[in-house]
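Per the numbering used here, the sequence shown starts with residue 153, numbered consecutively.
These notes concern the structure reproduced below.
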Amino acid sequence: MKKPSRQIRDEIARLQEQLKQAETREAERIGRIALKAGIGEIEIDEGALLSAFEEIAGRFRKGGNQAAKASSAVAPGASAGVAEQG
153 MKKPSRQIRD
163 EIARLQEQLK
173 QAETREAERI
183 GRIALKAGIG
193 EIEIDEGALL
203 SAFEEIAGRF
213 RKGGNQAAKA
223 SSAVAPGASA
233 GVAEQG
């Protein structure tokens, strides 16, 4: 039996709200980590910062366990290849 269109719209609205909440949680988590790493203290163009985050995401997507090992080799507070500008 097919669902009425109103029920489908209600489900879509509910799922969109769940997505929004999940994205907010993820953004807050990533933001806290970035602040701990000192990102908030450097002046960097948003485009450059986005590129750096994309590079990091790519390393973790491709490398899996290798990326985790490589990141643990970087001393806490040390730069992991992101140049400070300003």
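The beta carbon of each residue, even a glycine, is placed where N, CA and C say it ideally should be.
Looking at the structure shown, is residue i part of a helix, part of a strand, or coil, going by DSSP?
{"i": "Gly100", "result": "As displayed, the chain neither begins before 153 nor continues past 238, which places residue 100 out of reach and without an answer."}
{"i": "Glu207", "result": "helix"}
{"i": "Glu169", "result": "helix"}
{"i": "Pro197", "result": "First, the residue type needs correcting, since residue 197 is Asp and not Pro in the sequence shown. If DSSP states are grouped into helix, strand and coil, Asp197 belongs with coil."}
{"i": "Lys214", "result": "helix"}
Assuming residue i and residue j are in contact, meaning their beta carbons sit under 8 Å apart, how far apart are those beta carbons, in whole angstroms?
{"i": "Ala200", "j": "Gly192", "result": "With a Cβ gap of about 15 Å, Ala200 and Gly192 do not count as contacting."}
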